[in-house]
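Single-structure report; data block below.
Right under this line is the structure:
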């Protein structure tokens with residue numbers, strides 16, 4: 001919810017419709033200040049993620065989220081608001097680093113895409129909720145209501161089992177067995193337990209370190225893939241448009257209220273995120289990414305063209321106010337089926353267990369830098385040259401991203417985490433798990 005908070009409430013603060021007022025420049029920094037908190041949260045996760053475990057870190061992350069909403073709700077000055085937003089970023093660094101890792105490690109290969117996509121769906125749900133709050137509730141009331149979600153997570157997640165991968169890393173095979181039995185719903189988990197155990201033993205022959213991300217060839221491949229996907233996800237305007245969604249829809253205020261447009265926009269994103277989570281294990285990662293980034297580029301170009309024609313030409317656009325609403329609706333449909341959801345899934349799939357925590361920490365820091373720079377670029381370029389400029393820049397970046405996906409990004413659909421590592425090492429061509437099982441059954445018969 002903190003991610004979507006700037007869209008409805010920064011305009012309220014800038015326009016002086018709250019107990020204190022901030023400038024437009026302060027508003028842009030209040031938008032990105034959580035990214036600096038995320039730096040510390042990511043480093044914290046990198047340092048202790050393999051010590052305390054995934055489940056305990058998820059539970060712990062609830063505490064700073066609750067504290068951040070309390071500070072935002074009780075804030076009487078911009079200073080308190082900045083502190084609250086910074087703490088929310090710290091909590092985000094914890095959760096963004098450990099939640100995708102946990103989900104990938106507890107899911108079977110055939111449904112890993114569905115399970116891991118849940119985190120993206122929940123993020124979008126939070127963004128939608130805070131925008132609905134923003135349309136009808138004052139800032140402080142919305143902040144206090146938002147506390148209910150981390151409290152609910154804190155209460156319920158205390159009873160969730162730890163990742164079997166982490167338990168085997170810590171030499172707890174019996175606890176890992178119980179964890180696998182809970183997550184698979186099967187009593188006999190010997191095959192999976194043996195497979196995971198052997199993979200971890202192989203990966204931990206050399207204790208993983210941060211520098212292994214750059215010195216080990218397969219890890220470098222994975223780093224190129226994940227950093228590239230993260231770059232093009234943000235260079236498509238992903239977070240910038242979320243942050244400034246209501247401001248963008250001001251361009252279409254003659255057609256529809258910016259608040260209503262924003263709610264419709266995030267409702268579509270929520271629905272498409274749900275659709276994406278179910279089709280990712282049917283059609284695969286690469287096809288969805290290619291379709292997604294192509295549709296995103298076309299939608300951005302359409303929105304940018306409308307804004308340019310409206311603000312920089314003499315052409316009468318009366319009656320055409322629906323165009324940016326439709327264009328950005330198409331944008332969110334296209335981006336949600338791949339570009340928004342799949343980079344974090346692939347990040348969880350593509351690194352070995354012995355460097356996974358370092359990889360998540362590194363990619364979170366990279367993500368923070370990308371979000372901060374691109375959000376500030378959006379604010380600066382739209383204020384200086386007009387909103388059409390960032391739209392056209394994002395369009396060009398999507399075209400480059402399409403080439404990157406076609407050439408570089410591997411398919412991970414239906415493959416176990418161990419098979420993905422073998423493929424990155426170039427040891428053998430990997431068949432999807434279900435096909436392998438059928439072949440084994442034929443051999444047995």
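In our numbering, the protein residues as written are 1 to 445.
Don't be surprised by glycine CBs; every beta carbon is placed ideally from N, CA and C.
- For the pair residue 27 and residue 69, the Cα-to-Cα distance works out to about 18 Å.
- Per DSSP, reduced to three states, the secondary structure at residue 228 is helical.
- Listed in chain order, the non-local C-beta contacts of residue 230 below 7 Å within the same chain comprise 343, 363, 366, 367 and 370, local neighbours out to five positions each way being set aside.
- Taking a 10 Å sphere around the C-beta of residue 15, we find fewer than 16 other C-beta atoms and assign the residue as exposed.
- Exposure of residue 211 is indicated by the presence of fewer than 16 other C-beta atoms within 10 angstroms of its C-beta.
- Contact check between the stretch 84 to 100 and the stretch 156 to 164: fewer than three CB pairs, one atom from each, fall below 8 Å, which does not count as touching.
- Here DSSP, grouped into helix, strand and coil, assigns residue 342 to helix.
- Put simply, the backbone Cα of residue 298 is about 19 Å away from that of residue 286.
- The Cβ atoms of residue 34 and residue 112 do not sit closer than 8 Å to each other.
- Of the residues 237, 274, 220 and 221, the one whose Cα lies closest to the Cα of residue 379 is 237.
- Boundaries of the alpha helix (DSSP H) harbouring residue 67: 54 to 74, taken from the DSSP string.
- Counted as a single uninterrupted DSSP element, the alpha helix (DSSP H) harbouring residue 359 occupies residues 353 to 384.
- For residue 266, the uninterrupted alpha helix (DSSP H) run begins and ends at 258 to 283, by DSSP.
- The count of Cβ pairs closer than 8 Å, one atom from the stretch 322 to 337 and one from the stretch 412 to 423, stays below three, leaving the stretches out of contact.
- Cβ contact annotation for residue 284 (same chain, cutoff 7 Å, sequence separation greater than five): 411 and 413, in chain order.
- Taking residue 232 as reference, the option from 42, 222, 398 and 387 with the minimal CA-CA separation is 398.
- When secondary structure is reduced to three states using DSSP, residue 310 falls in the helix class.
- Here residue 13 has 22 as same chain residues with Cβ atoms under 6 Å from its own Cβ, once five neighbours each way along the sequence are excluded.
- Secondary structure remark: continuous alpha helix (DSSP H) runs of at least 4 residues inside the stretch 151 to 224, in chain order: 164 to 169, 173 to 184, 190 to 203 and 212 to 215.
- In the structure shown, residue 316 falls within a coil segment according to DSSP collapsed to helix, strand and coil.
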